[in-house]
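Participant: I'd like to ask you about the structure that follows.
In C-alpha cells, the structure reads:
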C-alpha cells in the first residue's frame with residue numbers, strides 16, 4: 006500500500022441499475038479510475054487529500 010497526495014473528482018453516472026458514483030484520482034504518478042461502492046457516500050465534487058492505494062488493476 007502507498008499513501009499519496011492527490012485530488013479525487015467524483016461524478017454521478019446514471020446506469021441501467023440506477024445512479025452510482027465513479028471517481029478519478031489525479032496524483033503525481035498518474036491518474037486512476039475508481040469504481041467502488043464507498044463513493045456513493047459522497048456527493049459529486051472534487052476532494053483533495055492523502056489517498057491510500059492498495060491495488061492497481063488494468064482496465
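Numbering (my numbering), first residue to last: 6 to 64. Note that beta-carbon positions come from the ideal geometry of N, C-alpha and C, so glycine has one too.
Looking at the structure shown, is residue 55 part of a helix, part of a strand, or coil, going by DSSP?
Facilitator: Taking the first residue of the chain shown as 1, we reach residue 55 at position 50. Reduced to three states, the DSSP call for residue 55 is strand.
Participant: Considering only residues of the same chain and omitting the five flanking positions on each side of residue 51, which have a CB-CB separation below 8 Å?
Facilitator: As a working note, residue 51 is residue 46 in the chain shown. So the list reads 12, 13, 14 and 15, once near-sequence residues are dropped.
Participant: Please check the pair residue 25 and residue 18, which I expect to be a contact at CB under 8 Å, by giving their CB distance rounded to whole angstroms.
Facilitator: For the purposes of this step, residue 25 is taken as the residue at position 20 of the chain shown. For the purposes of this step, residue 18 is taken as the residue at position 13 of the chain shown. That pair is a contact at about 6 Å.
Participant: Could you check whether residue 7 and residue 58 sit closer than 8 Å to each other, using their CB atoms as the reference points?
Facilitator: As a first step, residue 58 must be located in the chain shown, where it is residue number 53. As a first step, residue 7 must be located in the chain shown, where it is residue number 2. Contact flag set, yes.
Participant: Please classify residue 28: is it buried, with 16 or more other beta-carbons within 10 angstroms of its beta-carbon, or exposed?
Facilitator: The residue given as residue 28 occupies position 23 in the chain shown. So residue 28 ends up on the buried side.
Participant: Could you compute how far the alpha carbon of residue 63 sits from the alpha carbon of residue 47?
Facilitator: Stepping through the chain shown from its first residue, residue 63 is reached at position 58. Stepping through the chain shown from its first residue, residue 47 is reached at position 42. Roughly 25 Å between the two C-alpha positions.
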